[in-house]
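Chains as they are written, first to last, in numbering that gives the first Met the number 0: chain F, 0 to 447; chain V, 0 to 321.
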Amino acid sequence: MGLSGLQIYKLLPKTNCKECGYPTCLAFAMKLAAKQAELSACPYVSDEAKAQLEAAAAPPIRLVTIGAGENKVEVGNETVLYRHEKTFFHQPGLFVRLKDTLPLADFESAVDQVAAYNVERVGIELRPDGLAIENASGDPATFAQYIAAARAKTDQPLVLIASDPAAMAAALEKTDGSAPLLYCATTENWEAMAELASKHKAALALKADGDLSALAGLVEQVKGAGIEDIILDPGARGKHESLVALTNLRRLALKSNFRPLGFPTVVFAGEGANSQEEEAIVAAQHIAKYGGIIVLDHFDPATMYPLLTLRLNIYTDPQKPIQVSPGLYEIAEPQPDSPLLVTTNFSLTYFSVAGEIEGGGRPAWLLVADSEGMSVLTGWAAGKFDAEKIAKSVQQFDVASKISHKKIVIPGLVSTISGELEEELAGWEIMVGPREAIHIPAYLKSWE
Amino acid sequence: MPVSVDVPKEKWTGKVREVTLGATSDSGGTRKSTVTVGGESTLPFLTFEGDMQHQPVIAVEVQDRYPDDWSELLLETWGDVLNDPAGWAQKAEEYGADLIALKLQSAHTEGDNTDAAHAVDITKAVLKATGLPLVVYGPGQPEKDNDVLVAVAEAAKGERIALGNCEDKNYRTIVAAALAHDQLVVAKTPIDVNLAKQLNILISDMRLELDRILMDPTTGALGYGLEYTYSVMERLRIAALSGDSMTQQPMICTVGEEAWRAKESKVNEGVPAAWGDWPKRSTNWEVITATTLIHSGADIVVVRHPDSIKLVKQTIADLMVQ
Numbered sequence: 000m001g002l003s004g005l006q007i008y009k010l011l012p013k014t015n016c017k018e019c020g021y022p023t024c025l026a027f028a029m030k031l032a033a034k035q036a037e038l039s040a041c042p043y044v045s046d047e048a049k050a051q052l053e054a055a056a057a058p059p060i061r062l063v064t065i066g067a068g069e070n071k072v073e074v075g076n077e078t079v080l081y082r083h084e085k086t087f088f089h090q091p092g093l094f095v096r097l098k099d100t101l102p103l104a105d106f107e108s109a110v111d112q113v114a115a116y117n118v119e120r121v122g123i124e125l126r127p128d129g130l131a132i133e134n135a136s137g138d139p140a141t142f143a144q145y146i147a148a149a150r151a152k153t154d155q156p157l158v159l160i161a162s163d164p165a166a167m168a169a170a171l172e173k174t175d176g177s178a179p180l181l182y183c184a185t186t187e188n189w190e191a192m193a194e195l196a197s198k199h200k201a202a203l204a205l206k207a208d209g210d211l212s213a214l215a216g217l218v219e220q221v222k223g224a225g226i227e228d229i230i231l232d233p234g235a236r237g238k239h240e241s242l243v244a245l246t247n248l249r250r251l252a253l254k255s256n257f258r259p260l261g262f263p264t265v266v267f268a269g270e271g272a273n274s275q276e277e278e279a280i281v282a283a284q285h286i287a288k289y290g291g292i293i294v295l296d297h298f299d300p301a302t303m304y305p306l307l308t309l310r311l312n313i314y315t316d317p318q319k320p321i322q323v324s325p326g327l328y329e330i331a332e333p334q335p336d337s338p339l340l341v342t343t344n345f346s347l348t349y350f351s352v353a354g355e356i357e358g359g360g361r362p363a364w365l366l367v368a369d370s371e372g373m374s375v376l377t378g379w380a381a382g383k384f385d386a387e388k389i390a391k392s393v394q395q396f397d398v399a400s401k402i403s404h405k406k407i408v409i410p411g412l413v414s415t416i417s418g419e420l421e422e423e424l425a426g427w428e429i430m431v432g433p434r435e436a437i438h439i440p441a442y443l444k445s446w447e
Numbered sequence: 000m001p002v003s004v005d006v007p008k009e010k011w012t013g014k015v016r017e018v019t020l021g022a023t024s025d026s027g028g029t030r031k032s033t034v035t036v037g038g039e040s041t042l043p044f045l046t047f048e049g050d051m052q053h054q055p056v057i058a059v060e061v062q063d064r065y066p067d068d069w070s071e072l073l074l075e076t077w078g079d080v081l082n083d084p085a086g087w088a089q090k091a092e093e094y095g096a097d098l099i100a101l102k103l104q105s106a107h108t109e110g111d112n113t114d115a116a117h118a119v120d121i122t123k124a125v126l127k128a129t130g131l132p133l134v135v136y137g138p139g140q141p142e143k144d145n146d147v148l149v150a151v152a153e154a155a156k157g158e159r160i161a162l163g164n165c166e167d168k169n170y171r172t173i174v175a176a177a178l179a180h181d182q183l184v185v186a187k188t189p190i191d192v193n194l195a196k197q198l199n200i201l202i203s204d205m206r207l208e209l210d211r212i213l214m215d216p217t218t219g220a221l222g223y224g225l226e227y228t229y230s231v232m233e234r235l236r237i238a239a240l241s242g243d244s245m246t247q248q249p250m251i252c253t254v255g256e257e258a259w260r261a262k263e264s265k266v267n268e269g270v271p272a273a274w275g276d277w278p279k280r281s282t283n284w285e286v287i288t289a290t291t292l293i294h295s296g297a298d299i300v301v302v303r304h305p306d307s308i309k310l311v312k313q314t315i316a317d318l319m320v321q
């Protein structure tokens with residue numbers, strides 16, 4: 000991604016003055032390439048060279064922020080094509096589009112719904128990011144009125160959709176420094192849109208139909224006007240077309256370090272979709288495949304919840320599966336004679352099991368062993384969740400001092416370790432629980 | 000003013016093997032048509048730099064007993080036909096299935112513990128009722144799997160059935176049966192690239208031709224491990240396209256079984272309002288699992304809900320557009 004030592008050397012004064020602390024410019028260049036030195040150490044590097052070196056050091060895909068404060072959305076700065084190479088860093092923003100042709104009361108109620116929506120998964124609160132409001136009426140005053148109405152209801156980031164700069168300008172007067180995304184500038188209106196973006200410090204989406212070279216050309220024009228926070232719409236609306244366009248954009252940025260298209264993307268999942276289900280499928284495609292801002296035309300918990308879950312899944316760092324701290328957990332205020340269950344510290348496992356115990360109506364103790372974030376089966380297969388580990392956890396978390404009995408329920412999926420565990424935990428009764436967490440409540444009802 | 004854009008293209012050196020399920024009468028079987036999967040020389044749907052000789056296909060799960068442990072939603076939507084595997088398979092074919100995945104669940108020792116003869120009867124009935132190729136799964140217990148699959152392999156000789164599952168702890172008997180009776184196998188491994196390669200090697204060392212092996216990398220549903228499966232599949236497919244011969248098998252994902260096990264699909268009492276409408280979210284759960292894994296290289300997805308068949312097929316058709 001960065002320049003090589005030799006490429007950097009070509010931009011240095013090549014006087015070997017040694018004032019940077021290195022014997023030659025080449026030696027300094029090598030250190031810079033390895034990020035073991037700072038360019039500021041050289042007092043003689045030209046402004047032009049400085050700019051070039053800074054540009055080369057910038058991320059291949061710009062990080063663009065939409066909105067401000069705790070609700071802001073950051074997209075871009077991705078470094079890999081496939082999450083298994085490292086991870087995907089900035090999850091796509093999920094926005095719901097509303098038009099200013101809706102009756103105002105309906106519009107306000109829809110804003111409330113989206114802004115209020117949240118759902119918990121593995122202890123994390125998931126929510127959509129904001130609203131995309133479209134100037135379907137074509138009237139600047141109406142557009143401004145609706146933007147103001149949205150702002151009165153929520154601080155969440157906004158995408159302003161208008162092709163008429165006058166309407167965009169009117170709406171922007173109502174967004175007081177909240178850094179919305181302006182959609183969009185085209186070859187027809189880019190000068191006016193760029194001026195607005197600059198004045199209001201808003202990110203600017205660019206759209207050029209046809210091929211990527213028209214888009215790249217538009218980017219260069221807009222950059223020339225001083226705009227750096229750019230979002231790209233390659234104009235592809237079919238599933239196949241969009242997959243190819245976004246894949247190419249990601250490759251151009253990461254493989255070719257092609258600066259003119261090194262920006263996050265925006266996709267409209269509802270356009271071209273014939274149903275809400277199809278829209279969800281398109282949105283899901285773009286969560287996995289390089290979507291930066293994803294705009295939905297429908298809001299329904301039955302699709303929002305799966306999409307938020309998918310986003311969480313795809314954007315989890317493969318090196319860092321979500322884990323909880325090992326320990327002895329009290330679920331619903333157990334007594335010393337309450338049941339004791341053991342499980343792993345993989346977040347999904349923990350929350351599934353704890354959730355079932357909670358919902359089952361019978362308090363219990365949940366011993367969470369350190370399986371290094373692996374699930375029951377994976378942990379067992381990897382030797383991280385076995386009789387030895389469980390016995391160790393019983394000791395480590397001083398279970399005997401909290402519990403009046405000596406019975407431990409192990410997950411049904413690892414029933415094969417019962418014998419070994421009996422040996423490790425002398426005097427304990429090993430009970431085999433259900434294989435699926437959803438059968439825990441029924442199991443606990445009859446536990447004694 | 001346009002700027003010149005030079006889109007970097009991948010130059011893959013390998014391709015996925017083609018595997019054909021089913022055989023018609025001129026090849027010793029009784030299927031109306033065959034289904035061939037695999038043959039890709041490019042990442043999913045990126046046909047500008049390679050070929051997708053065959054598109055992904057949908058298998059519909061049919062069980063040989065009334066699936067009383069399934070989500071109520073499935074029981075309601077399929078209705079009485081769930082009492083008759085042959086009728087069920089016919090219905091699935093009507094709904095657009097490309098393959099039938101017959102699960103001999105009644106053979107499970109903790110269920111009805113039916114025997115090999117029973118498995119043969121059911122399989123023959125399903126073969127008669129539908130012209131689609133079959134994947135046949137045992138109940139998932141090594142001894143019973145061997146029992147029923149050996150018998151089915153023999154009884155269905157000539158039909159090019161995929162027998163599932165071969166796992167590292169239990170594959171020899173099933174592979175031997177596939178060899179003896181010209182069938183195929185599903186090689187299942189626990190979300191691990193090297194274990195997948197290793198099992199393919201072990202199976203082909205027994206002389207089963209590589210065009211008779213499907214890989215099952217083990218499916219995690221949306222929210223229940225999907226991203227693990229997704230990434231191992233991307234790695235396997237990239238390895239295949241990079242020329243690693245022992246990863247070049249088409250992949251099959253048991254989407255329905257996993258997605259419909261999720262609490263989101265099975266339960267509606269006491270769940271948060273934010274989960275939304277139960278039937279819709281459950282179908283979305285299966286469909287999004289399926290389409291996401293198709294994007295990571297799934298050649299066959301096994302699903303349960305009729306609505307999923309339609310939605311996933313349409314998605315595949317849209318993605319195969321040039």
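Note that beta-carbon positions come from the ideal geometry of N, C-alpha and C, so glycine has one too.
This structure is a prediction, so every number in the text was calculated from the model and none was measured.
DSSP three-state assignment for residue i, whether helix, strand or coil
i, result
"Val341 of chain F", "strand"
"Met0 of chain F", "Unreliable positioning characterises Met0 of chain F in this predicted model, as indicated by a pLDDT of 44, which lies under 50. The coordinate reading is nonetheless provided below. DSSP places Met0 of chain F in coil when its eight states are reduced to three."
"Glu133 of chain F", "strand"
"Gly92 of chain F", "strand"
"Tyr223 of chain V", "strand"
"Ala268 of chain F", "coil"
"Tyr182 of chain F", "strand"
"Tyr145 of chain F", "helix"
"Ala109 of chain F", "helix"
"Arg120 of chain F", "strand"
"Val79 of chain F", "coil"
"Ile144 of chain V", "In the sequence under discussion, the amino acid at residue 144 of chain V is Asp, which differs from the Ile named in the question. Correct three-state label for Asp144 of chain V: helix."
"Thr46 of chain V", "coil"
Contacting residues, own chain, Cβ-Cβ under 6 Å from residue i (five flanking each side not counted)
i, result
"Ser177 of chain F", "Ala67"
"Leu292 of chain V", "Cys252"
"Ala128 of chain V", "Ala85, Ala88 and Gln89"
"Leu48 of chain F", "Strictly speaking, residue 48 of chain F in this sequence is Ala, with Leu absent from that position. Within the same chain, Ala48 of chain F has close Cβ partners Leu10."
"Asp97 of chain V", "Val34, Val56 and Ile57"
CB contact below 9 Å: residue i versus chain B
i, result
"Glu226 of chain V", "Of the protein chains in this structure, namely F and V, none is chain B."
Beta-carbon proximity list for residue i, same chain, < 7 Å, skipping 5 on both sides
i, result
"Thr348 of chain F", "Thr342, Ser374 and Val375"
"Asn247 of chain F", "Leu211"
"Ser281 of chain V", "Ser70, Leu72, Glu263 and Ser264"
"Thr12 of chain V", "Ser241 and Gly242"
Residue i - partner residues in DSSP beta bridges
i, result
"Ser73 of chain F", "The amino acid occupying residue 73 of chain F in the given sequence is Glu; Ser does not appear at that position. Paired residue(s): F:Thr64."
"Trp364 of chain F", "F:Glu329 and F:Leu339"
"Gln322 of chain F", "F:Phe345"
"Leu231 of chain F", "F:Leu205 and F:Thr264"
"Asp215 of chain V", "V:Lys187"
"Gly372 of chain F", "Answer by DSSP bridge pairing: none, since Gly372 of chain F is not bridged."
"Lys102 of chain V", "V:Gln62 and V:Tyr136"
Residues near residue i by beta carbon distance below 8 Å, same chain, minus five either side
i, result
"Ala109 of chain F", "Val95, Leu97, Leu101 and Phe298"
"Ile190 of chain V", "Pro216, Thr217, Gly219, Gly224, Tyr227, Thr228 and Val231"
"Glu357 of chain F", "Ile330 and Ala331"
Residue i: CB within 8 Å of a non-hydrogen atom of the ligand SAM
i, result
"Lys143 of chain V", "Summarising the ligand content, the structure contains no ligands, and the ligand SAM is consequently not present."
query: How about the region 196-207 of chain F and the region 22-42 of chain F: do they share at least three Cβ pairs that are nearer than 8 Å?
result: Segments in contact, no.
message: To be precise: take each residue of the region 289-319 of chain V, compare its Cβ to all Cβ atoms of chain F, and keep it if any distance is under 7 Å. Which residues remain?
response: Correct list: Thr290, Thr291, His294, Leu310, Thr314, Asp317 and Leu318.
field: Within 8 Å of chain F by C-beta, residues of the region 191-224 of chain V in sequence order
entry: Flagged, chain order: Leu221, Gly222, Tyr223 and Gly224.
field: chain V contacts made by the region 81-104 of chain F, where a contact means CB separation under 8 Å
entry: For the region 81-104 of chain F, the beta-carbon criterion of a distance under 8 Å to any beta-carbon of chain V is satisfied by Tyr81, Arg82 and His83.
- request: Determine which residues of the region 274-285 of chain V have a Cβ less than 9 Å from any Cβ of chain F, and write them out in chain order.
  value: Listed in sequence order: Trp274, Gly275, Asp276, Trp277, Pro278, Lys279, Arg280, Ser281, Thr282, Asn283 and Trp284.
- request: May I ask you to list, following chain order, the residues of the region 101-128 of chain F that have a beta carbon less than 8 Å from some beta carbon of chain V?
  value: So the list reads Tyr116, Asn117, Val118, Glu119 and Arg120, given in the order they occur along the chain.
message: For the structure I just gave you, are there three or more beta carbon pairs, one from the region 11-26 of chain V and one from the region 153-167 of chain V, closer than 8 Å?
response: With a cut-off of 8 Å, the region 153-167 of chain V and the region 11-26 of chain V count as touching, because enough Cβ pairs lie within range.
query: Counting Cβ pairs closer than 8 Å, one from the region 76-96 of chain F and one from the region 286-304 of chain F, do we hit at least three?
result: Counting Cβ pairs under 8 Å, three or more are found: they touch.
- prompt: Quick check: the region 297-304 of chain V against the region 250-268 of chain F, are there 3 or more CB pairs under 8 Å?
  reply: By the Cβ criterion, the region 297-304 of chain V is not in contact with the region 250-268 of chain F, since fewer than three pairs of Cβ atoms, one from each stretch, lie closer than 8 Å.
- prompt: Relative to chain F, which residues along the region 46-60 of chain V have a C-beta separation below 9 Å, given in chain order?
  reply: Along the region 46-60 of chain V, going in chain order, the ones with a CB nearer than 9 Å to a CB of chain F are Thr46 and Phe47.
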